[in-house]
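For the sequence shown, my numbering begins at 256 and goes up steadily by one.
Quick reminder that beta carbons are idealized off the backbone N, C-alpha and C, glycines included.
In this text the structure is predicted, and so the values were computed from the model without any measurement.
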Amino acid sequence: MGLRKLAAMISTVNDYAILKWPIIIICFSITLLSFILLLSFTSDRWYSYDLINVRHTIVYPNKTTQFTDLLEYGSFGLWFICIHKYNDPIIKCDTWTQETRPQYFNVILILLTCTLYLAYLAIFPCWALLILILYNTNNRYMIYINAFIWIALLFFLFITVILAAILIINSLTKMHSPGRFFIDRFYISFHSSGGIHYLILATTLASICFLLSIVTLIWRTFIEMKIIELEGELLKQLSDENFQPIWNRPIPIPSTTTEFGANHEEPPPYNLYYEPNN
256 MGLRKLAAMI
266 STVNDYAILK
276 WPIIIICFSI
286 TLLSFILLLS
296 FTSDRWYSYD
306 LINVRHTIVY
316 PNKTTQFTDL
326 LEYGSFGLWF
336 ICIHKYNDPI
346 IKCDTWTQET
356 RPQYFNVILI
366 LLTCTLYLAY
376 LAIFPCWALL
386 ILILYNTNNR
396 YMIYINAFIW
406 IALLFFLFIT
416 VILAAILIIN
426 SLTKMHSPGR
436 FFIDRFYISF
446 HSSGGIHYLI
456 LATTLASICF
466 LLSIVTLIWR
476 TFIEMKIIEL
486 EGELLKQLSD
496 ENFQPIWNRP
506 IPIPSTTTEF
516 GANHEEPPPY
526 NLYYEPNN
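Here it is, written out as structure tokens:
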């Protein structure tokens, strides 16, 4: 019974019912976008790195020396850094402070916090817009639908711009470019990891949602113009004095001629049988 009601609701005839398809894509995309942003925000693997001491000397008790390459590797994100040395089986993780956090990461942290907040706020108008479209019988919710379309469009515009700015700022960090350099005898190599990949995916989803919002707005305008055109034609027909609706037009009934009807004579006039009282 519930599935039958849902099917009837989705198939409700209204002029803007076709808009539900791009809005459905937007609703699921913004929900997925919020989840991906949360994963990127809490990830401790924005970058992974390898630290190599090119020529390290080890002095043993017997006074012998050995030249070797010490390897240290780890990963870090906006909140944590995890270090794993080659001779230590334990991975040590520590929290960044504002002073120790890498270059530009404080700015990225602020921008990503704002983006995450906007993404969660955008979920409500998107799903509310879908519900209004599904229940928009006789176009009675168009004022609210138009408002929610513009609100969603502005949300996606801000989210896309901020995420693009985060990617640009991240590209300016020394971990991204050049990504490999020497410090004294140490060679450090950085590699982008899961947190960056989540961020790129979120930016792509935000761009798709923004484009779909523009398509929805244009589509809604096209439907509205079509309705106005049809209403104008109807008013023009109703204002015509010679116009008759189809339900007021006389419908001719075809006559059928039978053999009896073709040969019978018409009855004499009534006056022939009338006898005046004289």
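Under 8 Å between C-beta atoms of residue i and residue j
i	j	result
residue 456	residue 291	yes
residue 337	residue 305	no
residue 421	residue 366	yes
residue 275	residue 385	yes
residue 400	residue 393	no
residue 478	residue 271	yes
residue 335	residue 355	no
Proximal residues to residue i (C-beta, below 7 Å), its chain only, five neighbours per side dropped
i	result
residue 383	403
residue 277	467, 470 and 471
residue 302	330, 331, 430, 445, 446, 447 and 448
residue 293	371
residue 265	For residue 265, the predicted model reports a pLDDT of 44, less than 50, meaning its position is unreliable; a value from the coordinates is still stated below. So the qualifying residues of the chain are 389.
Close-in-space but distant-in-sequence residues of the same chain around residue i (CB under 6 Å, 5 per side omitted)
i	result
residue 381	281, 282, 285 and 407
residue 375	289
residue 273	none
residue 396	387
Residue of the options minimising C-alpha distance to residue i
i	options	result
residue 462	269, 394, 288 and 482	288
residue 370	479, 458 and 271	458
residue 368	491, 494 and 454	454
residue 451	342, 419, 343 and 492	419
residue 405	465, 482, 269 and 483	465
Close-in-space but distant-in-sequence residues of the same chain around residue i (CB under 8 Å, 5 per side omitted)
i	result
residue 361	353
residue 346	329, 337, 338 and 339
residue 359	424, 425, 427 and 428
residue 373	410, 413, 414 and 417
residue 474	273, 274 and 277
Supposed close pair residue i, residue j - CB separation, criterion 8 Å
i	j	result
residue 377	residue 414	7 Å
residue 296	residue 333	7 Å
Near the ligand MG: residue i beta-carbon under 7 Å from a heavy atom
i	result
residue 381	The ligand MG is not part of the structure shown, which contains no ligands of any sort.
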